[in-house]
Amino acid sequence: MRLGGPSDSSRSSQQASGTPGSRQLRSDSPAELPLSGRWLHASQMGGRTPPEIALGTGKLRKGFLVTFPAVIPADSQAKVCASLLYPNETLHMSIFLKLGDHATLLLEKKTNEAFYQCFHFQAPAVEKESIQSIRVEVRGESFQMMKDSSVMFKPYSEITFIQTDKPVYKPGQTVHFRIVTLDTQFAPVIQLVSLFSCLLVQDVHQNRIGQWTNVSTNGRILQLSHPLSSEAPLGTYTLSAAVGETRTQHSFKVKEYVLPRFEVKVNAPSEVNVAESELKIEVCGKYTYGQAVPGKAELELCRNKPRVSINERPCHTQSVQVRRTLICNSGVIWLLINSEVASLCAGYVLTGVILQESAKVHINYTIGRVKFVETPSFYDPGSNIEGKSSGFKGQQMYSKLALALFSTLAHTSEGSSTVTVQSTSGEQHRFLVDQGNRLLYQERALKDVTGQYSIAVQGTSCASVQVRTTLRYNIPTPAVNSTFSVAKVTPANFVFLHSRYNGLLESTNMVLVDIKVLSGFVPDPLSLTQLKRSELVERVDSKGDHIEMYLKELTRNIPKFYKLQLQQELKVKNLKAAVIKMYDYYQPSDYVLTEYSSPCADRMLSL
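The opening position of the sequence shown corresponds to residue 5 in the working numbering, with each subsequent residue numbered one higher.
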């Protein structure tokens, strides 16, 4: 029969059953009970006449049981429990702690009655982990038993915490701080603490400005303070507490500071593609009461150092003047390629007050993706397989191979050219080709078809020109373009723009909507921001009295609705209607026009 109970030592972190390295010392095979820590058990074995006590239908044998933690913190009070079971003679029990040939007596008891007793002993103060053994000896005239089991003594270092009442102080203020030392059970430890504070100057020397020696926490939190001089140097100060050979530090700053009057926010994409030539960033300055901050934003974009060692990181800086009427102002920075991460730092300068904010932009090297949609289950020999390609952000890609080939063959680092097309009847058209639009397809309709045409190119860049003639026999030009349609509804002070594609393809190329702003009106900044976040809107540019909205694509026969709010700044008499033009970005000849006007010129208008 096995008897036992859990050890109540709070430092034990293992169990006898299943504990790595634990051993079960026994001479019989009784039912096992879970115990915390190590235990020693023995019953009579090999006696000449095993004395047994019959109780009901069971048989009981004399023996002993000793329990103790498997791991004991060094220099702590450890608990051991011993039990003597069913003695039928006078027995002498001895418990020893052994390390090599050295043995320390922990308990010695002589009795002829069963007993259960717990006692504490002082664990040895070891500097490193020490594995020792506990030996139990029980002797009598007809009974003799001895068992050993290992126990680990492990040193535990206390943890010291220092905390000041605030992280930043002004010269002349008083630094209040608290210090506490906790053991592994997060209970305060009574320790002598040597505490001092020192100033960290710019050189290698340290000036000690305060010191406390032999200060005891007395099991509680120690609270102290140190007054700073009114002429205390600005910089970082350090509080250092020494408990034995362990030292804990806590730093605080001393500086002349004022509460920030405004905040800076940088809006930058988390990821850009390597094929993009520029990065659009928004820098926002806002007072704590919500108003816009006028000033100058200093933008700096740096890429990480490549694996090849260089002295400095390549960086690009740019200054942007922020107007009072705007909270956010955009700045365009050319990308620095050949790096996976670019670091952006924006500083906001206002009458000598500078606040900084930073962001990281990852550079993606995936130029595009190709996927096949609505593919048939069977193919005929020689049939074409249609697919769709998409760019880095999901926008549709068109003739990338042709554009790349043309860009390579007609590459010029700078310059522009003017292409003039003129007929014998005097009709003349001019096209400007520069670095900004050299890959843009430009087209003009010819009124006088018959006759000879002359094409002249003047400039330093290359241009590809083609005159295409399509004959129509007595077919008048339709008044309404069937590719796109625009409808508007003007209830009260609102005009909703409803765009639709009616062509033969499943979807369009990129579509550009050019909105002419009414005279005396300006776009509302909040409404402009909401428009940028609308569905299928790639970007929105505000240039003078025109607002250009770029749509990724339009799906056939699926209308899209957009609204833009305008604010009236000046009252204009005899206000004329403004024009909205929607056209294919790559086929400008596919367009549609519509007009709108304010139903009430002295009130607010929405589009």
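Yeah, the Cβ is synthetic: ideal placement off N, Cα and C, and Gly gets one too.
In the structure shown, what three-state DSSP assignment does T512 receive?
Reading the sequence shown from its first residue, position 508 is the one you call residue 512. Coil.
Which residues does DSSP list as the beta-bridge partners of E552?
Here the question's residue 552 lines up with position 548 in the sequence shown. Answer is D518, D545, bridged to E552.
Looking at the secondary structure, which residues open and close the beta strand (DSSP E) in which L232 lies?
Within the sequence shown, the letter at position 228 stands for residue 232. Here L232 belongs to no beta strand (DSSP E), and DSSP marks it neither H nor E.
Which value, in whole angstroms, describes the spacing of the CA atoms of T185 and R224?
As a position in the sequence shown, residue 185 is number 181, starting the count at 1. As a position in the sequence shown, residue 224 is number 220, starting the count at 1. T185 and R224: Cα-Cα distance of roughly 9 Å.
State the CB to CB distance for the pair S503 and L570, rounded to an integer number of angstroms; the pair is presumed to be in contact (CB under 8 Å).
Here residue 503 corresponds to residue number 499 of the sequence shown, with the count starting at 1. Here residue 570 corresponds to residue number 566 of the sequence shown, with the count starting at 1. That belief does not hold up - the Cβ atoms of S503 and L570 are roughly 18 Å apart, past 8 Å.
Span separating the alpha-carbon of Q426 from that of D518
Your numbering for residue 426 matches position 422 in the sequence shown. Your numbering for residue 518 matches position 514 in the sequence shown. Whole-angstrom Cα-Cα distance: 28 Å.
Taking the straight line between their C-alpha atoms, what separation do you get for N506 and I584?
Taking the sequence shown and counting its residues from 1, the one referred to as residue 506 is at position 502. Taking the sequence shown and counting its residues from 1, the one referred to as residue 584 is at position 580. Each residue's Cα considered, the two are about 18 Å apart.
For D594, is the classification buried or exposed, using 16 other Cβ atoms within 10 angstroms of its Cβ as the cut-off for buried?
Reading the sequence shown from its first residue, position 590 is the one you call residue 594. By the 10 Å Cβ count, D594 comes out buried.
With a cut-off of 8 Å on the beta carbons, I'd call F157 and A78 a contact; round off their distance for me.
On the sequence shown, position 153 is the one that residue 157 refers to. On the sequence shown, position 74 is the one that residue 78 refers to. Yes, they are in contact, since the Cβ atoms of F157 and A78 sit about 5 Å apart, within 8 Å.
Assuming contact is defined by CB atoms lying nearer than 7 Å, are E447 and N368 in contact in what I supplied?
Working through the sequence shown from its first residue, we reach residue 447 at position 443. Working through the sequence shown from its first residue, we reach residue 368 at position 364. For E447 and N368, no; Cβs fall outside 7 Å.
Residues near K102 in its chain [Cβ-Cβ closer than 7 Å; skip 5 each side]
Taking the sequence shown and counting its residues from 1, the one referred to as residue 102 is at position 98. So the qualifying residues of the chain are Q136, S137, R139.
Which class does Q439 belong to by DSSP, given the choice of helix, strand or coil?
Along the sequence shown, read from residue 1 onward, the residue named residue 439 stands at position 435. Three-state DSSP puts Q439 in coil, outside helix and strand.
Using the beta-carbon count (16 or more within 10 Å), is G67 buried or exposed?
For the purposes of this step, residue 67 is taken as the residue at position 63 of the sequence shown. Buried, since its Cβ has 16 or more Cβ neighbours within 10 Å.
Between the beta-carbon of H550 and the beta-carbon of K520, is there less than 7 Å?
Your numbering for residue 550 matches position 546 in the sequence shown. Your numbering for residue 520 matches position 516 in the sequence shown. Yes, they are a contact pair.
Tell me where the alpha helix (DSSP H) around Q121 begins and ends.
Numbered from 1 along the sequence shown, position 117 holds the residue referred to as residue 121. Taken as a continuous stretch (DSSP letters only), Q121 belongs to no alpha helix (DSSP H), being part of the beta strand (DSSP E) at 119 to 126.
Specify the secondary structure class of T321 as computed by DSSP and reduced to three states.
For the purposes of this step, residue 321 is taken as residue 317 along the sequence shown, with counting starting at 1. DSSP places T321 in strand when its eight states are reduced to three.
Going by C-alpha distance, which of S161, P175, N211, K170 is nearest F190?
Mapped onto the sequence shown, residue 190 falls at position 186. The candidate whose alpha carbon is nearest that of F190 is S161.
How many Å lie between G524 and V297 at the Cα?
Looking up residue 524 in the sequence shown gives position 520. Looking up residue 297 in the sequence shown gives position 293. So the two alpha carbons sit approximately 25 Å from each other.
Can you tell me whether R212 is buried or exposed? The criterion is at least 16 other CB atoms within 10 Å of its CB, across all chains shown.
As a first step, residue 212 must be located in the sequence shown, where it is residue number 208. It is exposed - the Cβ of R212 has fewer than 16 other Cβ atoms within 10 Å.
May I ask you to report which of helix, strand or coil DSSP gives Q136?
Position 132 of the sequence shown, counted from the start, is the residue given in the question as residue 136. Q136: strand per DSSP, three-state reduction.
Under the three-state reduction of DSSP, which class applies to T598: helix, strand or coil?
Taking the sequence shown and counting its residues from 1, the one referred to as residue 598 is at position 594. In this structure, T598 counts as strand in the three-state DSSP scheme.
Between T217 and F119, what straight-line distance do the alpha-carbon atoms span, to the nearest angstrom?
Counting from one through the sequence shown, the residue named residue 217 turns up at place 213. Counting from one through the sequence shown, the residue named residue 119 turns up at place 115. Taking the straight line joining both Cα atoms gives about 51 Å.
Nearest to A127 (by Cα), restricted to the options P73, Q148, S153
What you label residue 127 is simply residue 123 of the sequence shown in a count that begins at 1. Closest by alpha carbon: P73.
Using a Cβ-Cβ cut-off of 6 Å (strictly less than) and excluding sequence neighbours within five positions of V526, which residues of its own chain qualify?
Residue mapping note: residue 526 aligns to position 522 of the sequence shown, counting from 1. Excluding sequence neighbours, V526 sits near Q571, E573.
Three-state secondary structure (DSSP) of S465:
On the sequence shown, position 461 is the one that residue 465 refers to. Coil, per DSSP.
Any heavy atom of the ligand FMN within a distance shorter than 6 Å of the CB on I551?
Here there are no bound small molecules, and the ligand FMN is not part of this structure.
Give me the Cβ distance between L516 and Y587, rounded to the nearest whole Å; I'm assuming they're in contact under 8 Å.
Working through the sequence shown from its first residue, we reach residue 516 at position 512. Working through the sequence shown from its first residue, we reach residue 587 at position 583. Yes, L516 and Y587 are in contact; Cβ-Cβ is about 6 Å, under 8 Å.
Boundaries of the alpha helix (DSSP H) in which T533 is found, first to last residue:
Position 529 of the sequence shown, counting from 1, holds the residue named residue 533. T533 -> alpha helix (DSSP H) spans 529 to 536.
If I measure Cβ to Cβ from G25 and keep anything under 7 Å in the same chain, skipping five residues before and after, which residues do I get?
One-based indexing of the sequence shown puts residue 25 at position 21. Any answer about G25 is weak, because its pLDDT of 37 lies below 50 and its placement is not dependable; what the coordinates show is given next. For G25, where only same-chain residues beyond five positions count, there are no Cβ hits under 7 Å.
Looking only at its own chain, which residues have a Cβ that is under 8 Å from the Cβ of V172, when we skip the five neighbours before and after it?
To locate residue 172, count along the sequence shown from 1; it is residue 168. Excluding sequence neighbours, V172 sits near F256, K257, V258, K259, Y261.
With DSSP as the reference, label P77 as helix, strand or coil.
As a position in the sequence shown, residue 77 is number 73, starting the count at 1. Of the three classes helix, strand and coil, the one that applies to P77 here is strand, per DSSP.
Residue nearest to G419 in terms of C-alpha spacing, selected from L450, K451, V461, E235:
Residue 419 sits at position 415 when you count from the first residue of the sequence shown. It is V461.
Can you look up Q167 in the DSSP assignment and give me helix, strand or coil?
As a first step, residue 167 is located in the sequence shown; it is residue number 163 there, counting from the start. In this structure, Q167 counts as strand in the three-state DSSP scheme.
Any idea what DSSP makes of N116, helix, strand or coil?
Here residue 116 is taken as the residue at index 112 of the sequence shown, counted from 1. Three-state result, N116: coil.
Is the CB-CB distance between A245 and I163 below 7 Å?
Stepping through the sequence shown from its first residue, residue 245 is reached at position 241. Stepping through the sequence shown from its first residue, residue 163 is reached at position 159. Going by C-beta atoms, A245 is not nearer than 7 Å to I163.
Under three-state DSSP, which class holds K174?
Along the sequence shown, one-based indexing puts residue 174 at 170. Reduced to three states, the DSSP call for K174 is coil.
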